[in-house]
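Chemist: Mind having a look at this structure? Questions to follow.
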Amino acid sequence: MNFLQTYGPQLRGLMLQGKPTLAEYFWTTVITFLHNIEICVLGSPDGWFFKYNTRVHVDQVLHAFALNCPNLTALEIQWDPETLRFSDKSRKFIDRLRLKCWRLKSLTLCDGKYYELVKGNFERAERPRVVRTSNSYTTSIVSLLCRYKDLQFN
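Residue numbers for the sequence shown follow the numbering used here, beginning at 265 and rising by one.
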């Protein structure tokens, strides 16, 4: 946490996934330090291996990203459907993320009710290609490398 407080404003990409102890409280606290973040991957894809004692309220995480990260282009939330918790007001938080983070090109979620809710919201806003499933797409911070264009080839 001290590292992210000190260097968070300088970070453009962050991948902190697979840590079961990093849940909702950690992320809602840390996101306030990540003003210049462009790509972020969070959560634990192996929910079947380690059952969480608590569920993650994803609305609060999206709200924190919408308030603090206007440059966000890619976000991957890896928690499984049994771990994610969302409310009846989720559409409001999704709308806020969509409007405040207008550069968002990729929002990757695991399959389930929440994925369908978010996908429907972005489709109604005529941005159908933004929401993706983690079964067919993974987010990487490689595109932030200064020599990334040199790595690309036919």
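Heads up, the beta-carbon is just placed ideally off N, CA and C, and yes, glycines get one too.
When DSSP labels each residue in this structure, what does Cys394 get in the three-state scheme?
Modeler: Checking the sequence, you will find Val at residue 394 rather than Cys. Coil, per DSSP.
Chemist: Could you tell me if Glu346 is buried or exposed, where buried requires 16 or more neighbouring beta carbons within 10 angstroms of its beta carbon?
Modeler: With a threshold of 16 other beta carbon atoms within 10 Å, Glu346 falls short and is exposed.
Chemist: With a cut-off of 8 angstroms, do at least 3 Cβ pairs link the region 333–347 to the region 300–310?
Modeler: yes
Chemist: On the premise that Leu286 lies in contact with Leu280, defined as a C-beta separation below 8 angstroms, what is that separation, rounded to the nearest angstrom?
Modeler: 6 angstroms
Chemist: Using DSSP with H/G/I as helix, E/B as strand and the rest coil, what is Ser370?
Modeler: strand
Chemist: What are the boundary residues of the alpha helix (DSSP H) that Glu380 is part of?
Modeler: For Glu380, the enclosing alpha helix (DSSP H) starts and ends at 377–388.
Chemist: Could you tell me the alpha carbon to alpha carbon distance between Gln274 and Leu298, rounded to whole angstroms?
Modeler: 8 angstroms
Chemist: DSSP three-state label for Gln281, please.
Modeler: strand
Chemist: Compare the Cα-Cα distances from Trp366 to each of Arg349, Ala389, Glu380, Ser351 and report the closest residue.
Modeler: Ala389
Chemist: For His321, does the three-state DSSP call read helix, strand or coil?
Modeler: strand
Chemist: Helix, strand or coil for Leu275, going by three-state DSSP, please let me know.
Modeler: coil
Chemist: Below 8 angstroms between beta carbons: does that hold for Thr292 and Ala330?
Modeler: Against a cut-off of 8 angstroms, the Cβ pair of Ala330 and Thr292 comes out as no contact.
Chemist: Am I right that Thr372 and Ser398 are in contact with their C-beta atoms under 8 angstroms? What's the rounded C-beta distance?
Modeler: 5 angstroms
Chemist: Can you tell me which of the three DSSP states Arg349 falls into?
Modeler: strand
Chemist: By DSSP, does Ile405 sit in helix, in strand, or in coil?
Modeler: It is coil, neither helix nor strand.
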